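Engineer: Just add 2 to the spot in the sequence shown (first one is 1) and you have our numbering. Idealized CB from N, CA, C, for every residue including glycine. These figures come from a predicted structure and were not determined experimentally.
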Amino acid sequence: MDKKPSQPSAPSAQTLARFAEITGAQYALTSPEDMSGYLSEWRDKFTGNAAMVLRPANTTHVSEILKLANETNTKIVPQAGNTGLVGAQIPFETGHEVVLSLSRLNKIRDIDALDNTMIAEAGCILQKVQEAASDVERLYPMRIGSQGTCQIGGNLGSNAGGIATLAYGNARDLVLGLEVVLADGRIWNGLNRLRKNNTGYDLKNLFIGAEGTLGVITAAALKLYPKPMDRQVAIAGLADTNAAITLLALARSRMGNGVSGFELLPRFGIEMVAKHTDFRDPMETAYPWYVLFEITGGNAPDSLRPVITEILEQAFTQGIVEDAALAASEAQADRFWLMREQLTEVQKHEGGSVKHDVSVPVSSVPDLISRGLKVLEQIMPECRPLPYGHAGDGNIHFNITQPEGMDKQAFLDRWDDLSEPIIDITLDLGGSISAEHGIGRLKRDMMPRIKSPVELNMMQDLKVLFDPNNILNPGKVLPARHD
Ligand code: 2HG
Ligand code: ZN
C-alpha cells in the first residue's frame with residue numbers, strides 16, 4: 003500500500019560532501035544515532051532511513067541545498083517539529099533521501115502589534131510564537147496538543163487545524179504571506195503583510211498544505227488577533243451527540259465567534275485520561291458524552307462568567323445538558339484543556355489504535371458517530387471506539403482502541419477492515435477523509451478515490467511545474483501519474 007517513490011540511487015559521497023559544505027559538517031548528520039530523531043515519529047507508525055540530515059541555519063542555506071539537490075537529483079524530505087500524523091515528514095526506507103530539518107530557522111523576525119502581524123521562521127516552535135504574541139498583548143490563535151514541540155513550518159505545510167479552528171480557521175487562514183524556497187533554489191519573498199492585496203493568483207495557498215511537495219516554506223507573515231479579555235471554560239455531560247450540536251447552536255447564538263473551543267468526548271475518553279493521568283472527573287455522575295467548551299471575549303476579566311452560566315442554565319432547562327462543571331479559575335480551565343490534550347497521548351497506553359481524522363457537515367456529526375458505532379459493533383464487538391474531537395468543525399477523530407487483552411499487531415492488521423466502513427460513511431455524508439492532518443504517506447493511495455481525475459491531474463500538473471525533477475518529498479500526497 004505504502005509504495006516507495008522511484009528512487010534512482012543514493013547520493014554520491016561527493017554530493018553529500020557538497021551538502022555538508024553548505025551547512026558546515028556539524029550540521030550535516032550521517033551517523034544512525036545522530037539521525038535517529040529525524041527518521042521516525044513519536045507514535046513509531048512511520049520510520050525510515052536517510053543518507054543525511056541537513057540542519058541549515060538560514061534561508062540562503064536552504065536555497066543552496068535545493069539548488070544542489072535539483073542538479074544532482076537528490077530527493078529532499080523537509081521536516082519541521084516532526085509531530086505530523088500522516089508520515090509526510092518521514093523519509094522512506096531506501097536511505098537515499100536527505101532530510102532537510104528547518105528547526106534552526108527559529109527566529110521571530112518581526113512583530114508588529116499595530117499591524118497585528120508577526121514574521122516567524124519555519125522552525126519557530128508554535129508555543130514560542132503564542133508567547134511572543136502574548137508579550138505584546140496579542141493572540142496567535144492556533145492551538146494544538148503538540149504546541150510545545152511542533153513548528154510553524156510543519157503547521158503550514160500540513161495546514162494544521164486544532165481546537166481553535168472554529169473561531170479562527172486553520173493554519174491557512176492565519177497566514178498573510180510566505181517566504182518559500184523553490185525546487186531549483188530560487189527564493190520567493192512573498193512575506194506580504196497586507197490585509198488586502200488582490201493582485202493575481204494566490205500562490206501562498208499552493209504551498210500551505212502541500213506538505214513540502216511544491217517548495218520549502220522558510221518563513222511566514224502570520225495574523226495576530228487582540229488578546230481576549232476573558233475566557234470561560236466548562237465541561238458539560240450529555241445524554242447523546244445530538245445534544246452537543248444543539249448546545250453548539252445555543253452557545254453560538256449567544257456568543258457568535260466567541261465560541262473558541264467545542265470538543266466532543268465519549269465517556270471512554272474521560273475514563274482513559276483519568277486512568278493514565280492525575281485528571282479527575284469534575285462531575286459526580288457519569289454521562290455517555292461530554293462537551294468541553296470555551297467562550298472568549300468580553301470587556302474585563304470574568305465578564306463572560308454570567309454569559310456562560312446563562313448558556314448552561316438555558317441548556318439545562320431545555321434538557322440539552324444533564325450537568326456541567328464550570329472551571330472556577332484559570333488554573334482549572336487549563337486543567338480541563340490539558341485533559342483534552344492528553345487524550346491523544348494516553349491512547350498509546352491502551353495498545354493499538356486505528357485512527358481517523360474525518361470531517362462531515364457539523365449537523366451530520368451525530369449520524370457519523372451512530373452509524374460508525376453500529377458498524378464497528380458488527381465487525382469487532384470488543385473493540386473500544388473513541389470518536390472524539392473538534393465537533394464544532396464537524397471534525398471527529400473516529401479512533402478505535404484495541405480490545406483489552408488482544409495482541410496489538412493482530413489488531414492493527416485489521417486496520418482496513420475497521421477503517422473502510424468509517425471512510426465509507428464519511429464519504430456518504432459528504433465528508434472528508436482528512437480534516438486537519440493531511441495526506442502524507444498514510445492517505446496517499448486514497449487520493450484517486452476522493453479526487454476526481456480532473457482535480458488529481460491539476461495537482462499533478464502543478465507538481466511537475468513547481469518541481470520538474472521530483473526532488474521535493476516524492477511519494478507523499480500524490481500518487482505518481484501512472485500508478
Ligand atoms: C487531536 O485533536 C489531534 O488531539 C490528534 O488531532 C488526534 O490522536 C489523534 O488521532
Ligand atoms: Zn485534532
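Would the beta-carbon of S421 fall within 8 Å of that of G396?
Structural biologist: No, these two residues do not count as a Cβ contact at 8 Å.
Engineer: Check this for me: beta carbons of P363 and T243, under 8 Å apart or not?
Structural biologist: Contact flag unset, no.
Engineer: At a cut-off of 7 Å, is E438 close to ligand 2 when judged by its beta-carbon and the heavy atoms of the ligand?
Structural biologist: yes
Engineer: Counting Cβ pairs closer than 8 Å, one from the region 216 to 236 and one from the region 349 to 357, do we hit at least three?
Structural biologist: Contact between the region 216 to 236 and the region 349 to 357 is absent, because fewer than three Cβ pairs lie under 8 Å.
Engineer: Quick one: is K5 buried, meaning 16 or more other Cβ sit within 10 Å of its Cβ, or exposed?
Structural biologist: Low confidence applies here, because K5 scores a pLDDT of 46, under 50, leaving its location unreliable; read the following figure in that light. Exposed, because fewer than 16 other Cβ atoms sit within 10 Å of the Cβ of K5.
Engineer: Measure the alpha-carbon distance for D485 versus S436 and round it to whole angstroms.
Structural biologist: The pLDDT assigned to D485 is 41, lower than 50, so where the model puts this residue is not dependable, and the model offers no usable value.
Engineer: Check this for me: beta carbons of V218 and V64, under 8 Å apart or not?
Structural biologist: Taking C-beta atoms as the reference points, V218 and V64 count as a pair closer than 8 Å.
Engineer: When you measure from the CB of L87 to every non-hydrogen atom of ligand 1, does any distance come out below 7 Å?
Structural biologist: Flag set: Cβ of L87 near ligand 1.
Engineer: Run the proximity test for H278: is its beta-carbon closer than 7 Å to any non-hydrogen atom belonging to ligand 2?
Structural biologist: Within 7 Å of the C-beta of H278 there is not a single heavy atom belonging to ligand 2.
Engineer: Going residue by residue through the region 46 to 119, where are the continuous alpha helix (DSSP H) segments of at least 4 residues, counting only ones entirely within it?
Structural biologist: 61 to 74
Engineer: When the Cα atoms are used, what is the spatial distance from G179 to R197?
Structural biologist: 10 Å
Engineer: Would the region 269 to 289 and the region 310 to 330 be scored as touching if the rule is three or more Cβ pairs under 8 Å?
Structural biologist: yes
Engineer: Can you list, in chain order, the residues of its chain whose CB lies under 6 Å from that of R483, leaving out five sequence neighbours each side?
Structural biologist: Q462
Engineer: Within the 8 Å Cβ cut-off, does R483 reach chain D?
Structural biologist: Checking the listed chains, one finds no chain D in this structure; it contains a single protein chain.
Engineer: Check each candidate in S305, R254, Q320 and name the one with the smallest Cα separation from A241.
Structural biologist: Q320
Engineer: Looking at C-alpha atoms only, which residue of T428, T76, L107, D430 is the closest neighbour of L474?
Structural biologist: Nearest of T428, T76, L107, D430 to L474, Cα basis: T76.
Engineer: Are three or more beta carbon pairs between the region 86 to 102 and the region 29 to 42 nearer than 8 Å?
Structural biologist: In short, these stretches touch, since the Cβ pair count reaches three.
Engineer: Work out the CA separation of F318 and T346 for me, nearest whole Å.
Structural biologist: 30 Å
Engineer: I need the straight-line Cα distance from A12 to L56, nearest angstrom please.
Structural biologist: 15 Å
Engineer: For T17 and M54, I'd like the C-alpha separation in whole angstroms.
Structural biologist: 11 Å
Engineer: Whose CA, out of D46, A71, N51, D175, lies closest to the CA of I24?
Structural biologist: With distances taken between Cα atoms, I24 lies closest to A71.
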